[in-house]
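Enquirer: Before I ask anything, here is the structure I am working with.
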Amino acid sequence: MAVEVIPALAVAFLPVLQEELSTHWVDAPPAYYFAAQVEKETCITLKHSKCWNPRAELKTSREYGFGLGQLTVTPKFNNFEAAKTWDKSLAGWQWDDRYNPRYQLRALVVYDRNLYRQVKGAASAHDRLAFALSAYNGGFGG
């Protein structure tokens, strides 16, 4: 019964997420945290066409966000360009290939990993992850 509520594209991309975690963050928290993050970034509803869709986009006069992790580009910052510095395996990612789900999930995983490693003094591993996930959208220290 639970399979009925899992978005079809999630079924396709969850194995990719797991591979990226296994490769880039071996001791990561459980994959469901990151799956929930993708859901939060892309799913208006679980049946919406953009739910778990690498081509999900947010376009406003102030920003452009795209993909499973909604990498954001504004006049003040460009997280697509920044993502290339988060891990050497992202250095060759090109704008024309921005909808590549493997790169998108890798960027999400390594950014979360890097933020998680920056958090010091959290009361628990759960709190540490909460701070890291908050920093994903709000910036570190926010």
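Take 16 as the starting number for the sequence shown in my numbering and just add one per residue.
In this text, a Cβ means the ideal position worked out from N, Cα and C, and glycines have one as well.
1. Considering just the uninterrupted stretch of the alpha helix (DSSP H) at GLU54, what are its terminal residues?
2. DSSP state of VAL125, grouped into three classes?
3. Under the rule that 16 or more other beta-carbon atoms within 10 Å means buried, what is THR100, buried or exposed?
4. Check for me: the alpha helix (DSSP H) holding GLU35 runs from which residue to which?
5. Could you give the distance in angstroms between the alpha-carbon of ASP111 and the alpha-carbon of GLY154?
6. Identify which residue in PHE81, LYS103, GLU54 and ASP102 has its Cα closest to the Cα of ASN93.
7. Three or more C-beta pairs under 8 Å: does that hold for the segment 61–77 against the segment 35–47?
8. For a minimum of 3 consecutive residues, which ranges assigned as the beta strand (DSSP E) are wholly contained in the segment 86–144?
9. Just the C-alpha distance for LYS74 and GLU56, rounded to the nearest angstrom, thanks.
10. Name, in chain order, the residues that DSSP records as bridge partners for LYS74.
Expert: The short version:
1. For the purposes of this step, residue 54 is taken as residue 39 along the sequence shown, with counting starting at 1. Where GLU54 is concerned, the enclosing alpha helix (DSSP H) stretches over 46–57.
2. Along the sequence shown, one-based indexing puts residue 125 at 110. DSSP places VAL125 in helix when its eight states are reduced to three.
3. Here the question's residue 100 lines up with position 85 in the sequence shown. Its Cβ having fewer than 16 others within 10 Å, THR100 is exposed.
4. What you label residue 35 is simply residue 20 of the sequence shown in a count that begins at 1. Where GLU35 is concerned, the enclosing alpha helix (DSSP H) stretches over 23–39.
5. Position 96 of the sequence shown, counted from the start, is the residue given in the question as residue 111. Position 139 of the sequence shown, counted from the start, is the residue given in the question as residue 154. The C-alpha of GLY154 is placed about 26 Å away from the C-alpha of ASP111.
6. One-based indexing of the sequence shown puts residue 93 at position 78. Per the Cα distances, PHE81.
7. no
8. List check, beta strand (DSSP E) in window: 86–88.
9. Taking the first residue of the sequence shown as position 1, residue 74 is located at position 59. Taking the first residue of the sequence shown as position 1, residue 56 is located at position 41. So the alpha carbons of these two residues sit roughly 14 Å apart.
10. Indexing the sequence shown from 1 puts residue 74 at position 59. DSSP lists TYR79 as partners of LYS74.
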